[in-house]
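Enquirer: My structure is below; once you've seen it, I'll send some questions.
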Amino acid sequence: MYSHIKKLALALACVLGAIAATPVYADASDISAAARSVVRIVVFSSAEGQQTIVSIGSGVVVDRNKVITNAHVVEQARFDDSVEIVVVPSDGTQSYRARVSAVVARKDLALLQLSSGALVPASIFAGTVSDGADVFAIGYPASVDVALEQSEADVLRPQPPVKTRGTISSGRTSKSVESLLHTAPIAPGNSGGPIVDACGRVVGINSFGSVANDGGAEFYFAISTRELAAFLDNQGVAFRTVRGDCRSVAELTRAEAELEAATRAKVEKEARVAAELQRSREGKVRSDAEHAVISARENHIALAVLLLVLSAVAGGAAWQFSERAQNDRFKAAAAAGAILLVSAVGIFAARPSFDEVDDRVRAALTADAPHDNAVKAAVTEVAKICVLQPERSRITMSDTADVDFTWRPDGCVNGRTQYVESGGRWVRSFVPNNDAQISVTSYAPDTNIYRIERFLPGTDAMRSAREARQRYDVKTCTTDASQLTNIDNMNKAIAAQLPPAPNEILLFTCTDR
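Under mature numbering (1 follows the signal peptide of the UniProt record, and there is no 0), residues -26 to -1, 1 to 487 are what the sequence shown spells out, in order.
Structure (structure tokens):
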């Protein structure tokens, strides 16, 4: 039977037309990430004690232990107990047994349930695919197996799927099932595998193709995600859906850098204006202080001179009384003169010095400081609510719910997770145990931008990232320098395992709650 599949694949490969290359902005890491969710479906019979392959196709993981494929790929397994299904992932070292869980033959859809194990689910695009959009077919065409002289044992071993590129031609669909017409080449073996957009989101499930006559071109049809979603909903499957335009990481990053530069320039300008106003206020306060000190000095000196004159008058009167032997009056005048002289000297000595100008300036400028400090001491943690900005994001796998958290100026989030400062942002990397993705989360207090970058690396990179997390992870908030260094080292070690660009960028603007 497998030799029959080989012949059929070769025949179809001979008539496949070359597709003219057109520039696309898809990043290779997006298509590679999508390929992690694509599996080979091998249906074989064990009748009469001999294992024989009866059908080969492709599939896509829609939940950790559930796979979608075409109904025609697993048709024989539905009615023959001697026929078994093996799901072969694109990565790793093992394959998995599966059974048919549900089928809608007229829609050419079948749901498989793994008997054990867990795989990486795909993201299903819930929007409308635009006419002329670039798409990529991912699967396991038998013609490639033939060309590479693959044995039946090779077919049961995890291998990367084949990716081909084409475009969507909207407005034409099959009568029996809503389908997408596209030009990404497929062959026997691709059946049940996905077509994805340039962001790696599933936009259809490959099902059948047209027949090329008289040298005509081949065209291909994929079951729409609307049909797929309805089927999965009916089976109670929790699958991941996303919406939003597929944006280029490079373009999005460039636009964000320009916007961030403009925002920082605005903040710096406001800081300069505030500094100029502060300098102006300081100048006025200093001028007022100098005027007050000079006036006070002049008043002290004038009073001291007046008392000195009165002291001299009292001294002259005392001399006159002494000449006339008027002792009582002499004593009174002399005492008054002495008191006036001492007072004059004391008032002159007590005149304000020019150093007091600086003291008065400091006192005036810090008059409100106790209140400000009390407020700052009271507000050690601020609650934030952050709203996604779709036009500044690239959504490939996540929902768009608001994010709320509490923020502390030392980088503590929610009272338990410590971020570290890096280039004006506070950053923390996260590597979950049960999901094949890595998140780099950051918050910029000056612009109130909360940003999540998600990467979808392969198995080896995920393993290395988890090891780095185990080695350096700090599970509490801290201000200890050695612990902060550990978090920074963890971020750097994880970053070394990441693809060149994130597969998803979520940007939120935050306000205080």
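Note that the Cβ used here is the ideal one computed from N, Cα and C, for glycine as well.
Consult DSSP for residue 389 and reduce its assignment to one of helix, strand or coil.
Expert: coil
Enquirer: Verify the contact flag: residue 403, CB atom, against every heavy atom of the ligand FMN, threshold strictly below 7 Å.
Expert: This structure simply doesn't include the ligand FMN, nor any ligand for that matter.
Enquirer: Once you ignore the five residues that flank residue 477 on each side, which residues in its own chain have a CB closer than 7 Å to its CB?
Expert: 3, 4, 7, 174, 370, 428, 429 and 430
Enquirer: Can you tell which of 469, 108, 326 and 124 has its C-alpha closest to the C-alpha of residue 1?
Expert: 108
Enquirer: Considering just the uninterrupted stretch of the beta strand (DSSP E) at residue 40, what are its terminal residues?
Expert: 40 to 43
Enquirer: With a 10 Å radius around its C-beta and 16 neighbouring C-beta atoms as the bar for buried, classify residue 411 as buried or exposed.
Expert: buried
Enquirer: Inspect the CB distances between the stretch 214 to 223 and the stretch 360 to 369 and report whether three or more fall short of 8 Å.
Expert: Result yes; three or more Cβ-Cβ pairs closer than 8 Å.
Enquirer: Going by DSSP, what residue range makes up the beta strand (DSSP E) through residue 482?
Expert: 478 to 486
Enquirer: Is it true that the CB of residue 209 sits closer than 8 Å to the CB of residue 72?
Expert: no
Enquirer: Give me the Cα-Cα distance between residue 244 and residue 355, rounded to the nearest whole angstrom.
Expert: 25 Å
Enquirer: In three-state DSSP terms, what is residue 92?
Expert: The answer is coil: DSSP assigns residue 92 none of H, G, I, E or B.
Enquirer: Give me, in chain order, the residues of the same chain whose beta-carbon lies closer than 7 Å to that of residue 112; leave out the 5 immediate sequence neighbours on both sides.
Expert: Taken in chain order, the residues that qualify are 8, 9, 12, 135, 137, 167, 168 and 170.
Enquirer: Rounded to whole angstroms, what's the CA-CA distance from residue 86 to residue 234? Just pull it up for me.
Expert: 47 Å
Enquirer: Using the Cβ count rule (16 or more neighbours within 10 Å means buried), how would you classify residue 406?
Expert: exposed
Enquirer: Taking the alpha-carbon positions, what's the residue 462 to residue 38 distance?
Expert: 32 Å
Enquirer: Could you spell out the range, first to last residue, of the alpha helix (DSSP H) harbouring residue 456?
Expert: Residues 455 to 469.
Enquirer: Grab me the residues of residue 484's own chain with a C-beta within less than 6 Å of its C-beta, minus the 5 sequence neighbours each way, in chain order.
Expert: Cβ contact annotation for residue 484 (same chain, cutoff 6 Å, sequence separation greater than five): 358, 360, 422 and 424, in chain order.
Enquirer: Quick check: residue 94 and residue 176, are their CB atoms within less than 8 Å of each other?
Expert: For residue 94 and residue 176, no; Cβs fall outside 8 Å.
Enquirer: With 16 other CB atoms within 10 Å as the buried threshold, where does residue 383 fall?
Expert: exposed
Enquirer: Looking only at C-alpha atoms, which of 23, 417 and 393 sits nearest to residue 464?
Expert: It is 393 whose Cα lies nearest to the Cα of residue 464.
Enquirer: Starting from residue 414, trace the alpha helix (DSSP H) in both directions and tell me its first and last residue.
Expert: That residue, residue 414, is in no alpha helix (DSSP H); its beta strand (DSSP E) goes 412 to 418.
Enquirer: Nearest CA to the CA of residue 293: which residue from 283, 305 and 282?
Expert: Among 283, 305 and 282, the Cα nearest to that of residue 293 belongs to 305.
Enquirer: Taking DSSP's pairing of strands, which residues face residue 402 in a bridge?
Expert: 415
Enquirer: In whole angstroms, give me the CA-to-CA distance for residue 298 and residue 315.
Expert: 24 Å
Enquirer: Taking contact to mean 3 or more Cβ pairs, one atom from each stretch, closer than 8 Å, check whether the stretch 253 to 266 and the stretch 330 to 339 are in contact.
Expert: yes
Enquirer: Provide the residue span of the beta strand (DSSP E) that contains residue 34, from first to last.
Expert: 26 to 37
Enquirer: Quick one, are the C-beta atoms of residue 157 and residue 141 less than 8 Å apart?
Expert: yes
Enquirer: What residue range does the alpha helix (DSSP H) around residue 319 cover?
Expert: 301 to 323
Enquirer: I'd like the list of long-range same chain contacts for residue 99, defined as Cβ closer than 7 Å, with 5 residues on each side in sequence excluded.
Expert: 171, 175, 176, 177, 199 and 216
Enquirer: Let's see if you can read the secondary structure: which residues bound the alpha helix (DSSP H) around residue 273?
Expert: 223 to 297
Enquirer: By Cβ distance, which residues of its chain are closer than 6 Å to residue 525, with the 5 residues on each side in sequence left out?
Expert: Lying outside -26 to 487, the shown extent of the chain, residue 525 is not represented and no answer is given.
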